[in-house]
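Asks:
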Amino acid sequence: MTEPHDSSVTGVRARLMAALAAWAVLVAAVLVAVPLAFADRLPDPLATHWGPSGRPDGSMPFAVFVLLAVVWAVIAAIGLGVAARRRNLVRRVTRAWFCAGLAWAGGFMVTTQAVTIAANLDRGHWTRAAGVSWQVAVVVAAPIALGALGWLAGRRGPDVPAAPSGTGPLIDLDPGKRPVWVSTVTARWAALLALVSLAAAVVVAGVALSGRVPGGWSVVVPLALVGVIGTVLSSVSVRVVPEALTVSVGPLRWPSRTVRLERVERAWVEERYPAQVGGWGYRGLPGRATIMIRGGECLVVRYTSGGELGITVDDAATGAALVNALVARRHSSAER
Amino acid sequence: MLLTLDLNDPRPLHEQVADAVRRAIGAGDIAPGDRLPPARDLAHALGVNANTVLRSLRDLRDEGLLEFRRGRGVSVLRRPDGREALRARVRDLLDEAAGYGLTADDVVALVKDLGKDFGKDPSKETA
């Protein structure tokens with residue numbers, strides 16, 4: 000990793016880390032200092048939840064309220080941990096969304112705290128706390144505004160378009176031969192998670208049917224959903240044949256998507272990680288999506304329409320080489 | 000895994016598929032210990048029936064190249080030795096020779112002739 004652009008990205012990352020750390024400390028300081036400063040004018044416990052009517056209907060001890068800073072500390076620590084990984088945040092769009100997320104989270108905690116304190120100030124008892132109405136708009140809007148600022152701040156600096164790390168070996172196509180490439184990746188943890196969730200769903204459904212646990216059904220649906228999604232995300236299969244590229248997910252190879260090669264411009268290999276694309280599964284919008292099963296080697300296909308699709312598979316270099324060779328042959332036969 | 004089928008090969012499909020897999024293993028495209036893609040993915044890509052692929056894989060298992068393990072799919076046990084690896088290419092050579100009207104004996108004579116020079120070359124270099 001000694002490309003010339005690397006140093007400037009390193010600089011941006013260093014500044015970004017410093018800014019994020021400062022933001023984390025600032026928010027934490029506000030979350031602790033502001034309640035302490037007003038401690039003698041606040042009831043204990045404080046009203047911390049308001050019903051639809053705008054009247055307080057829930058409370059929290061003062062000590063716990065101050066310790067909400069710990070929640071922020073955990074969020075910020077995870078954020079900084081992700082940012083500290085060398086390979087993360089080199090892409091501008093990832094950086095922008097990452098900063099937007101942390102700015103929004105910090106803003107949300109601070110505005111929520113401010114509104115809560117303002118409502119409780121000099122009230123004597125939490126049940127007499129002021130109602131909230133327009134303050135809800137502040138709690139919604141201010142963090143979004145902060146998030147937008149974070150997004151702009153994160154956009155600064157160069158974009159490393161995840162350097163295409165070569166297109167793999169050149170493949171010589173013999174006209175009398177039919178070359179195909181097949182690659183499969185399975186995420187064992189996803190399969191395991193799916194299995195456990197489905198089993199739990201069946202057990203809970205059984206218990207709920209027996210009628211001993213009221214409301215058991217409300218757990219069955221999310222468990223079954225996690226099971227189904229985990230199953231679909233547990234594997235991906237990519238097949239390249241002289242006519243088309245097919246990507247299928249899940250043990251049933253459904254859903255499946257076939258792209259005809261005349262719609263493909265070229266293919267290459269990239270390293271992509273869940274932290275860069277925002278998690279596992281189908282990530283990003285159509286046209287800039289990644290099917291993320293596991294971090295690492297990724298086959299990226301660019302359509303003639305300008306869109307891109309990345310699929311995390313092993314041996315992507317060979318797949319990219321075959322796609323490129325087939326596309327080149329298609330072009331040369333079209334010129335003739 | 001990159002597999003290549005010969006479009007003009009008159010042999011039964013399962014032999015051709017077995018050849019393609021054997022070549023892929025021989026070329027180091029897929030190494031001992033690696034798992035093969037599921038048979039139905041291979042079948043879909045090659046445009047053949049899944050049973051045909053399974054038959055080829057069973058043949059390769061009987062040759063000792065593949066290993067079937069319950070729940071873990073099919074994995075590569077070892078690379079084909081020189082004789083097995085060359086078999087398919089010699090077949091190609093014989094096909095081409097037939098196109099020129101040459102018999103297997105003609106090819107053997109040709110190979111022997113070249114083999115004499117081939118044996119000399121390295122000794123010349125070391126001397």
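Residue numbers (numbering that gives the first Met the number 0), protein chains in the order written: chain H, 0 to 335; chain B, 0 to 126.
We put the CB at the ideal spot given by N, CA and C, even for glycine.
Quick caveat: nothing in here was measured; it's all calculated off a predicted structure.
1. Whose Cβ in chain H lies nearer than 7 Å to the Cβ of residue 43 (chain B)?
2. Taking only runs of the alpha helix (DSSP H) that begin and end inside the region 127-186 of chain H, which ones reach a length of at least 4 residues, in chain order?
3. Report yes or no: is there a C-beta of chain H within less than 8 Å of the C-beta of residue 36 (chain B)?
4. Name the DSSP bridge partner or partners of residue 55 (chain H)?
5. Please classify residue 11 (chain B) as buried or exposed, where buried requires at least 16 other C-beta atoms within 10 Å of its C-beta.
6. Compare the Cα-Cα distances from residue 281 (chain H) to each of H:271, H:290 and H:143 and report the closest residue.
7. Measuring straight from C-alpha to C-alpha, what distance separates residue 249 (chain H) and residue 292 (chain H)?
8. Who are the neighbours of residue 180 (chain H) on chain B, taking C-beta pairs under 9 Å?
9. Strictly below 8 Å CB to CB, what residues from chain B border residue 175 (chain H)?
10. Using a 10 Å radius around the Cβ and a threshold of 16 neighbouring Cβ atoms, would you call residue 128 (chain H) buried or exposed?
11. Check whether the region 110-128 of chain H touches the region 34-49 of chain H, counting contact only when three or more Cβ pairs, one atom from each stretch, lie closer than 8 Å.
12. Any Cβ of chain B within less than 8 Å of the Cβ of residue 4 (chain H)?
13. Closer than 6 Å by C-beta to residue 54 (chain H): which residues in its own chain qualify, once you throw out the five before and the five after it? Chain order, please.
14. Report buried or exposed for residue 314 (chain H), applying the criterion of at least 16 other Cβ atoms within 10 angstroms of its Cβ.
15. In the DSSP assignment, find the beta strand (DSSP E) that holds residue 12 (chain B) and state where it starts and stops.
16. Under the three-state reduction of DSSP, which class applies to residue 2 (chain H): helix, strand or coil?
17. At the level of alpha carbons, what is the spacing between residue 108 (chain B) and residue 174 (chain H)?
18. Would you kindly report the start and end of the unbroken alpha helix (DSSP H) that includes residue 220 (chain H)?
19. Taking 8 Å as the threshold (C-beta atoms), are residue 310 (chain H) and residue 246 (chain H) in contact?
20. Can you list the residues of chain H that residue 40 (chain B) reaches, using a CB-CB cut of under 7 Å?
21. Mind pulling the chain B residues with CB within less than 9 Å of residue 314 (chain H)?
22. By DSSP, does residue 207 (chain H) sit in helix, in strand, or in coil?
23. For residue 14 (chain B) and residue 271 (chain H), I'd like the C-alpha separation in whole angstroms.
24. Kindly say whether residue 321 (chain H), judged by its beta-carbon, lies nearer than 8 Å to any beta-carbon of chain B.
25. Can you give the Cα-Cα distance for residue 97 (chain H) and residue 204 (chain H), rounded to whole angstroms?
26. Can you check whether the C-beta of residue 303 (chain H) is within less than 8 Å of a C-beta belonging to chain B?
27. Do residue 93 (chain B) and residue 106 (chain B) count as a contact pair if the criterion is CB distance below 8 Å?
28. Do you know offhand how far residue 148 (chain H)'s Cα is from residue 44 (chain H)'s?
Replies: The short version:
1. By one-based count along the second sequence, residue 43 (chain B) stands at place 44. Near residue 43 (chain B) (Cβ distances below 7 Å), the residues of chain H are 238.
2. 133-154
3. Translated into positions along the second sequence, residue 36 (chain B) becomes position 37. Yes, because at least one Cβ of chain H sits closer than 8 Å to the Cβ of residue 36 (chain B).
4. The residue you call residue 55 (chain H) lines up with position 56 of the first sequence. Beta-bridge pairing links residue 55 (chain H) to H:49.
5. Counting from 1 along the second sequence, the entry for residue 11 (chain B) is found at position 12. With fewer than 16 Cβ atoms within 10 Å of its Cβ, residue 11 (chain B) is classed as exposed.
6. Taking the first residue of the first sequence as 1, we reach residue 281 (chain H) at position 282. It is H:290 whose Cα lies nearest to the Cα of residue 281 (chain H).
7. Taking the first sequence and counting its residues from 1, the one referred to as residue 249 (chain H) is at position 250. Taking the first sequence and counting its residues from 1, the one referred to as residue 292 (chain H) is at position 293. Cα to Cα, residue 249 (chain H) sits roughly 11 Å from residue 292 (chain H).
8. Looking up residue 180 (chain H) in the first sequence gives position 181. Taking a Cβ-Cβ cut-off of 9 Å, the neighbours of residue 180 (chain H) in chain B comprise 0, 1, 2 and 44, given in sequence order.
9. By one-based count along the first sequence, residue 175 (chain H) stands at place 176. Those are 5, 6 and 7, listed as they occur along chain B.
10. Taking the first sequence and counting its residues from 1, one reaches residue 128 (chain H) at position 129. Residue 128 (chain H) is buried by the Cβ-count criterion.
11. At 8 Å Cβ cutoff, the stretches touch.
12. Residue numbering aside, residue 4 (chain H) sits at position 5 when the first sequence is read from its first letter. Caution is warranted here: a pLDDT of 46 is assigned to residue 4 (chain H), below 50, making its placement in the model unreliable, and the coordinate value is therefore given only provisionally. It does not; no Cβ of chain B falls within 8 Å.
13. Your numbering for residue 54 (chain H) matches position 55 in the first sequence. Excluding residues within five positions, the ones whose Cβ falls inside 6 Å are 130.
14. If you number the first sequence from 1, residue 314 (chain H) lands on position 315. The residue is buried, with at least 16 neighbouring Cβ atoms inside 10 Å.
15. Taking the first residue of the second sequence as position 1, residue 12 (chain B) is located at position 13. Residue 12 (chain B) -> not in any beta strand (DSSP E); alpha helix (DSSP H) instead, spanning 12-25.
16. Working through the first sequence from its first residue, we reach residue 2 (chain H) at position 3. For residue 2 (chain H), the pLDDT reaches just 42, beneath the cut-off of 50, and the residue's location in the model is therefore unreliable, although a value from the coordinates is still provided. In the structure shown, residue 2 (chain H) sits in coil (DSSP, three-state: anything other than H, G, I, E or B).
17. Taking the first residue of the second sequence as position 1, residue 108 (chain B) is located at position 109. Taking the first residue of the first sequence as position 1, residue 174 (chain H) is located at position 175. C-alpha separation (whole angstroms): 30 Å.
18. Position 221 of the first sequence, counted from the first residue, corresponds to residue 220 (chain H). First-last of the alpha helix (DSSP H) with residue 220 (chain H): 216-231.
19. As a position in the first sequence, residue 246 (chain H) is number 247, starting the count at 1. As a position in the first sequence, residue 310 (chain H) is number 311, starting the count at 1. Yes; because the gap between Cβ atoms is below 8 Å, this pair is in contact.
20. Counting from 1 along the second sequence, the entry for residue 40 (chain B) is found at position 41. The contacting residues are 181, 183, 236 and 238.
21. On the first sequence, position 315 is the one that residue 314 (chain H) refers to. Near residue 314 (chain H) (Cβ distances below 9 Å), the residues of chain B are 0, 1, 28 and 29.
22. Working through the first sequence from its first residue, we reach residue 207 (chain H) at position 208. In the three-state DSSP reduction, residue 207 (chain H) falls in the helix class (H, G or I).
23. Here residue 14 (chain B) refers to the residue found at position 15 of the second sequence. Here residue 271 (chain H) refers to the residue found at position 272 of the first sequence. Rounded to the nearest angstrom, the two C-alpha atoms are 39 Å apart.
24. Mapped onto the first sequence, residue 321 (chain H) falls at position 322. Chain B contact via Cβ: present.
25. As a first step, residue 97 (chain H) is located in the first sequence; it is residue number 98 there, counting from the start. As a first step, residue 204 (chain H) is located in the first sequence; it is residue number 205 there, counting from the start. If you draw a straight line from the Cα of residue 97 (chain H) to the Cα of residue 204 (chain H), it is about 39 Å long.
26. Within the first sequence, numbered from 1, the residue matching residue 303 (chain H) stands at position 304. Judged by the 8 Å Cβ criterion, residue 303 (chain H) is not in contact with chain B.
27. For the purposes of this step, residue 106 (chain B) is taken as the residue at position 107 of the second sequence. For the purposes of this step, residue 93 (chain B) is taken as the residue at position 94 of the second sequence. Their beta carbons are under 8 Å apart, which means residue 106 (chain B) touches residue 93 (chain B) by this criterion.
28. On the first sequence, position 149 is the one that residue 148 (chain H) refers to. On the first sequence, position 45 is the one that residue 44 (chain H) refers to. Using only the alpha carbons, I get a separation of about 35 Å.
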